[in-house]
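Residues 443 to 818, numbered by my numbering, are exactly what the sequence shown covers, in order.
Yeah, the Cβ is synthetic: ideal placement off N, Cα and C, and Gly gets one too.
Here is the structure we will look at, set down as structure tokens.
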Amino acid sequence: MADKHIPNHLFKALIEREQKGMLRKLTSNYPTIDFCSNDYLGFSKIGLLSKKLETSSLKQETIYGSTGSRLISGNSVFVEEAEKQIALFHHAESALIFNSGYDANLGLLSSIPQKEDLILFDELVHASIHDGMRLGLAKNFKFKHNDVEALKDLVQRHQKDFKNIYIVVESVYSMDGDTAPLLEITEFIKPFENIFLIVDEAHAIGVFGNQGRGLCNALGIEKKCFARVYTYGKAMGCHGSAIVGSEVLRKYLINFSRSFIYTTALPNHSISAILNAYQLLIETDQKDILQNNISYFYSKTSGIKNMIKSQSAIHSLVVDSNEKADLLEKKLGTKNMYAKAIKSPTVKEGAERLRFCVHAYNTKEEIDLLIEQLHN
Numbered sequence: 443m444a445d446k447h448i449p450n451h452l453f454k455a456l457i458e459r460e461q462k463g464m465l466r467k468l469t470s471n472y473p474t475i476d477f478c479s480n481d482y483l484g485f486s487k488i489g490l491l492s493k494k495l496e497t498s499s500l501k502q503e504t505i506y507g508s509t510g511s512r513l514i515s516g517n518s519v520f521v522e523e524a525e526k527q528i529a530l531f532h533h534a535e536s537a538l539i540f541n542s543g544y545d546a547n548l549g550l551l552s553s554i555p556q557k558e559d560l561i562l563f564d565e566l567v568h569a570s571i572h573d574g575m576r577l578g579l580a581k582n583f584k585f586k587h588n589d590v591e592a593l594k595d596l597v598q599r600h601q602k603d604f605k606n607i608y609i610v611v612e613s614v615y616s617m618d619g620d621t622a623p624l625l626e627i628t629e630f631i632k633p634f635e636n637i638f639l640i641v642d643e644a645h646a647i648g649v650f651g652n653q654g655r656g657l658c659n660a661l662g663i664e665k666k667c668f669a670r671v672y673t674y675g676k677a678m679g680c681h682g683s684a685i686v687g688s689e690v691l692r693k694y695l696i697n698f699s700r701s702f703i704y705t706t707a708l709p710n711h712s713i714s715a716i717l718n719a720y721q722l723l724i725e726t727d728q729k730d731i732l733q734n735n736i737s738y739f740y741s742k743t744s745g746i747k748n749m750i751k752s753q754s755a756i757h758s759l760v761v762d763s764n765e766k767a768d769l770l771e772k773k774l775g776t777k778n779m780y781a782k783a784i785k786s787p788t789v790k791e792g793a794e795r796l797r798f799c800v801h802a803y804n805t806k807e808e809i810d811l812l813i814e815q816l817h818n
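Structure below.
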């Protein structure tokens, strides 16, 4: 019976989602062999970051809460110096730290494009990008995943109707694990003074580029991007994010990005964790170990039907229904292996999959055991 203090549509929505096999639930009982987490380099799981923080000169013990937003009482010399170091590492003029990748995309896409502008986005970009566009003023159109010709067609059709065009892609896509055709896109937009490229590098930092600087670095296009978003909850093993770009971009976001302005800032110990994670990128060989594991995983899965080809840490086996995805996750769980069923509506119906994340700490024996189960 419905509770009179709870709107009926809440019950109806939950019942409908459960009947379709789409109901999301939290769990905390994870199998031991990890092919699920975003901790690609193992900075978090194998304790590299916590050990680094214990002895670091960048350790901050003064306060655990920042006490306010950056514009009130939550700013410090320490965080501003951190942003300078982040900008230097990513070969940018400036950087601005946000509390999460979601906050960064929300703040960027809701504040930069204006009413007279257009956003063209890859159909598989993250939910945070969609939410940012919904909150913004600009019109937006999607283009077929990684289809540069479709993007060109949209530009040619609409360029004269809008003041500026923003193209939004992810360098590595979180569900398929494939990479954006960044070289083709940057070459195409070169003649246009009013087209600006925004790249979300969430799943590329720590995995690609010199010392893990990302795919834009690996391809030599850092200076060709209007804005790049780097998040720290994946390969970096901590929390937070940064938008890097020009000093004008930084000043604009400080003044107009609501997800930056109206939230309590990250505390100094979180900033310290970010800086120490960057030092680990420079000092350790975790990226090389990860790349070796990715190559091994790719070679072992190349003959498996419906496995999406990927050179990143993310690999997906499409199984085309929520029920099949759930079943495979449970079967692997009985072998003490954890890979996550990604179900609709997170992905579109018919594209449900089991997603595998490869890590620096996965052994070849663990990968072999997984492949054996997939063949079975």
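For V521, the three-state DSSP class (helix, strand or coil): Your numbering for residue 521 matches position 79 in the sequence shown. Reduced to three states, the DSSP call for V521 is helix.
Judging by CA-CA distance, which residue of F668, I696, N652 is the nearest neighbour of D642? Stepping through the sequence shown from its first residue, residue 642 is reached at position 200. Checked all of F668, I696, N652; the closest Cα to D642 is F668.
Restricting to Cα atoms, I'd like to know which of P787, I554, I571, A802 is closest to I731. Reading the sequence shown from its first residue, position 289 is the one you call residue 731. Taking only the C-alpha atoms, the option nearest I731 is A802.
Straight-line CA distance for V521 to R692? Along the sequence shown, read from residue 1 onward, the residue named residue 521 stands at position 79. Along the sequence shown, read from residue 1 onward, the residue named residue 692 stands at position 250. C-alpha separation (whole angstroms): 14 angstroms.
Runs of 4 residues minimum, wholly inside the stretch 674–718: which ones carry the alpha helix (DSSP H) assignment? 689–698, 700–703
Short of 6 angstroms in beta carbon distance, which residues of its chain neighbour F739, apart from the five on each side in sequence? Order them along the chain. As a working mapping, residue 739 is identified with position 297 in the sequence shown. Hits under 6 angstroms: V800, I809.
Is the beta carbon of F604 closer than 8 angstroms to that of L562? By one-based count along the sequence shown, residue 562 stands at place 120. By one-based count along the sequence shown, residue 604 stands at place 162. No; because the gap between Cβ atoms is not below 8 angstroms, this pair is not in contact.
Can you give me the Cβ contacts of Y821 inside the same chain, cut-off strictly under 8 angstroms, excluding the 5 residues immediately before and after it? The chain is shown from 443 up to 818; residue 821 falls before or after that span and cannot be answered.
Ignore the nearest five residues each way along the sequence and tell me which others in C478's own chain have a CB closer than 7 angstroms to its CB. Counted from its first residue, the sequence shown places residue 478 at position 36. Excluding residues within five positions, the ones whose Cβ falls inside 7 angstroms are Y780, A781, K782, C799.
According to the neighbour-count rule (16 or more other Cβ atoms, all chains shown, within 10 Å of its Cβ), is M443 buried or exposed? Taking the sequence shown and counting its residues from 1, the one referred to as residue 443 is at position 1. Low local confidence applies: a pLDDT of 47 at M443 is under 50, so the model's placement there is unreliable, and no value is given.
Secondary structure of L816, DSSP reduced to three states: For the purposes of this step, residue 816 is taken as the residue at position 374 of the sequence shown. If DSSP states are grouped into helix, strand and coil, L816 belongs with the helices.
Taking K900 as the reference, which of G510, S553, F650, A622 has the closest Cα? Because the chain spans 443 through 818 in this model, residue 900 falls outside it and cannot be assessed.
Counting C-beta neighbours from all protein chains within 10 Å, is the total for L708 16 or more, i.e. buried, or is it exposed? Here residue 708 is taken as the residue at index 266 of the sequence shown, counted from 1. With 16 or more Cβ atoms within 10 Å of its Cβ, L708 is classed as buried.
For the alpha helix (DSSP H) that contains K852, what are its first and last residues? Past the boundaries of the shown model lies residue 852; the chain is included only from 443 to 818, so the question cannot be answered.
Could you give the residue range of the beta strand (DSSP E) that holds R797? Along the sequence shown, one-based indexing puts residue 797 at 355. 795–799 is the extent of the beta strand (DSSP E) around R797.
Which residues bound the beta strand (DSSP E) around H757? Taking the sequence shown and counting its residues from 1, one reaches residue 757 at position 315. Residues 756–760.
Pull up the CB-CB distance for M464 and K766, whole angstroms please, since I reckon it's below 8 angstroms. Mapped onto the sequence shown, residue 464 falls at position 22. Mapped onto the sequence shown, residue 766 falls at position 324. About 14 angstroms separates the two Cβ atoms, so there is no contact after all.
Expressed to the nearest angstrom, what Euclidean distance is found between the alpha-carbon atoms of R795 and E523? If you number the sequence shown from 1, residue 795 lands on position 353. If you number the sequence shown from 1, residue 523 lands on position 81. Their backbone Cα atoms lie some 42 angstroms apart in a straight line.
Check whether the Cβ atoms of L483 and G648 lie closer than 8 angstroms to each other. Taking the sequence shown and counting its residues from 1, the one referred to as residue 483 is at position 41. Taking the sequence shown and counting its residues from 1, the one referred to as residue 648 is at position 206. For L483 and G648, yes; Cβs fall inside 8 angstroms.
Start and end of the alpha helix (DSSP H) containing E591? Residue mapping note: residue 591 aligns to position 149 of the sequence shown, counting from 1. Looking at the DSSP string, the run of the alpha helix (DSSP H) that includes E591 is 590–600.
Provide the residue span of the alpha helix (DSSP H) that contains L566, from first to last. The residue labelled residue 566 in the question sits at position 124 within the sequence shown. No alpha helix (DSSP H) holds L566; DSSP gives it neither H nor E.
Less than 8 angstroms between C-beta atoms, sequence neighbours within five positions excluded: which residues of the same chain meet that for L625? Looking up residue 625 in the sequence shown gives position 183. Hits under 8 angstroms: L661, I663.
Tell me, please, whether the stretch 694–702 touches the stretch 537–556 by the rule of three or more beta-carbon pairs shorter than 8 angstroms. yes
Residue environment, D595, which counts as buried when at least 16 other CB atoms sit within 10 Å: Counting from 1 along the sequence shown, the entry for residue 595 is found at position 153. So D595 ends up on the exposed side.
Helix, strand or coil: which one does DSSP assign to Y822? A question about residue 822 goes unanswered here, because the residues of the chain that appear run from 443 up to 818.
What three-state label does DSSP hand N450 in the structure shown? In the sequence shown, counting from the first residue as 1, residue 450 sits at position 8. Looking at N450 - three-state DSSP - the assignment turns out to be helix.
Considering just the uninterrupted stretch of the beta strand (DSSP E) at A539, what are its terminal residues? Position 97 of the sequence shown holds residue 539. Looking at the sequence provided, one finds Ile at residue 539 rather than Ala. Segment 536–540, the beta strand (DSSP E) holding I539.
Taking the alpha-carbon positions, what's the S511 to G682 distance? Taking the sequence shown and counting its residues from 1, one reaches residue 511 at position 69. Taking the sequence shown and counting its residues from 1, one reaches residue 682 at position 240. Roughly 15 angstroms separates the two Cα atoms.
Pick helix, strand or coil for L639, following the three-state DSSP scheme. In the sequence shown, counting from the first residue as 1, residue 639 sits at position 197. Reduced to three states, the DSSP call for L639 is strand.
Comparing alpha-carbon positions, which option in R576, T469, K790, N541 lies nearest V761? The residue you call residue 761 lines up with position 319 of the sequence shown. Closest by alpha carbon: K790.
Assuming N659 is part of the alpha helix (DSSP H), what are its boundary residues? Taking the sequence shown and counting its residues from 1, one reaches residue 659 at position 217. Residues 657–661.
With which residues is R670 paired in a DSSP beta bridge? In the sequence shown, residue 670 corresponds to position 228, counting from 1. V641, V686, per the DSSP bridge assignment.
Tell me the residue span of the alpha helix (DSSP H) that contains K494. Within the sequence shown, the letter at position 52 stands for residue 494. Where K494 is concerned, the enclosing alpha helix (DSSP H) stretches over 490–497.
Counting only the same chain and skipping the five closest in sequence on each side, list residues whose C-beta sits under 8 angstroms from that of T705. Counting from 1 along the sequence shown, the entry for residue 705 is found at position 263. Result list for T705: S511, N541, D545, in chain order.
Within 10 angstroms of the Cβ of A580, are there 16 or more other Cβ atoms? Answer buried if so, exposed if not. The residue given as residue 580 occupies position 138 in the sequence shown. Classification of A580: buried, given that the 10 Å Cβ count is 16 or more.
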